[in-house]
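Undergrad:
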Amino acid sequence: MIPGARLIILGRQGAGKGTQCVRLSRHYVVPHISTGDMLRAAVREGTELGLQAKKVMDEGGLVGDDIMIGVVEERLAKPDADSRGYILDGFPRTVAQAQALDEITVAKPVNAAIDLDVPREIVLDRLSARRVCRDCGTNYTATGDEPSPWNCDVCGGDVEQRADDTPEAVDRRLDLYEEQTSPLKEYFTSRGVLTVVNGVGHPDHVFKRLIDAIESLR
Ligand code: ADP
Ligand code: ZN
47 MIPGARLIIL GRQGAGKGTQ CVRLSRHYVV PHISTGDMLR AAVREGTELG LQAKKVMDEG
107 GLVGDDIMIG VVEERLAKPD ADSRGYILDG FPRTVAQAQA LDEITVAKPV NAAIDLDVPR
167 EIVLDRLSAR RVCRDCGTNY TATGDEPSPW NCDVCGGDVE QRADDTPEAV DRRLDLYEEQ
227 TSPLKEYFTS RGVLTVVNGV GHPDHVFKRL IDAIESLR
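Next comes the structure, spelled out in structure tokens:
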């Protein structure tokens, strides 16, 4: 990969974005910047940002554009992201965020926006089985036989269902995705940087498709 890979990964909730982004960030040795993880950390730490975001997140809403843009601008300015690039996961989620990102990255524009495509019917099943480590954010899929909470293989933390993976919040998030985030596909297409990757199948196969798509951009 070209040094300074700057990638945006789009895709519905439950498309497996988080897991694939972690793998991509290891593969290309660039930071994985997940706005969801950053917000959950802020909630745990009880920071001002966390206090502002918690209620919106639990209801499956979107945190305000101005707040999110500030968070991302600050993160992208850090030396690791500035010099090596990044895998941006969960941002932008609205056209206003995408426009702000264009301005923030005007000196070093993103190389590609990849839409990890998984149909709504499929993500619905995955989201109800999704569990996450509250300490390190590793995602798991529950089979139903596990104790609750169970212990994370990576860090030993508690693995539980996310507060926003209730059926109501999931519906709301998926609706908001169609309304607010889907238009980004057109936005990035018009800029000539959108690539669609089929996200259905074994995670290893999906990962290979992602790498192939990214490599073919070089
Ligand atoms: P998911 O993709 O499953 O919704 P994330 O972990 O990406 O989960 O985000 C969790 C929540 O954090 C979102 O439902 C939303 O409330 C908030 N959030 C994360 N990123 C953004 C963003 N770019 N703009 C607005 N809200 C965001
Ligand atoms: Zn963990």
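One gets this note's numbering by counting positions in the sequence shown from 1 and adding 46 to each.
Built from N, CA and C at the ideal position, the CB exists for glycine as well.
Please classify A153: does DSSP put it in a helix, a strand, or coil?
TA: Mapped onto the sequence shown, residue 153 falls at position 107. In this structure, A153 counts as coil in the three-state DSSP scheme.
Undergrad: Considering H251, what are the terminal residues of the alpha helix (DSSP H) in which it resides?
TA: Taking the sequence shown and counting its residues from 1, the one referred to as residue 251 is at position 205. That run of the alpha helix (DSSP H) goes 249–261.
Undergrad: Quick check on DSSP: helix, strand or coil for R90?
TA: Your numbering for residue 90 matches position 44 in the sequence shown. Residue state, collapsed to three classes: helix.
Undergrad: State the Cα-Cα distance for the pair V271 and R69, rounded to the nearest angstrom.
TA: What is shown of the chain runs 47 to 264, which leaves residue 271 out entirely.
Undergrad: Grouping DSSP H, G and I as helix and E and B as strand, with all else coil, what is R69?
TA: Position 23 of the sequence shown, counted from the start, is the residue given in the question as residue 69. DSSP places R69 in helix when its eight states are reduced to three.
Undergrad: Relative to ligand 2, is the shortest distance from any of its heavy atoms to the C-beta of G64 smaller than 8 angstroms?
TA: In the sequence shown, counting from the first residue as 1, residue 64 sits at position 18. Every heavy atom of ligand 2 is 8 angstroms or more from the Cβ of G64, so no.
Undergrad: Along the chain, which unbroken stretches of the alpha helix (DSSP H) at least 4 residues long are found entirely within the segment 112–184?
TA: List check, alpha helix (DSSP H) in window: 125–130, 141–150, 166–175.
Undergrad: For V242, which of helix, strand or coil comes out of DSSP?
TA: As a position in the sequence shown, residue 242 is number 196, starting the count at 1. Of the three classes helix, strand and coil, the one that applies to V242 here is strand, per DSSP.
Undergrad: Does the distance from the C-beta atom of L256 to that of I160 stay below 9 angstroms?
TA: The sequence position of residue 256 within the sequence shown is 210, counting from 1. The sequence position of residue 160 within the sequence shown is 114, counting from 1. Cβ distance < 9 angstroms, so L256 and I160 count as in contact.
Undergrad: Look at the Cβ atom of T291, then the Cβ atom of D181, and state whether they are nearer than 9 angstroms.
TA: The structure shown does not extend to residue 291, since the chain is modelled only from 47 through 264, so no value can be given for it.
Undergrad: Is there contact between the segment 201–219 and the segment 101–111, where contact requires at least three CB pairs shorter than 8 angstroms?
TA: Yes: the two stretches touch, three or more of their Cβ pairs being nearer than 8 angstroms.
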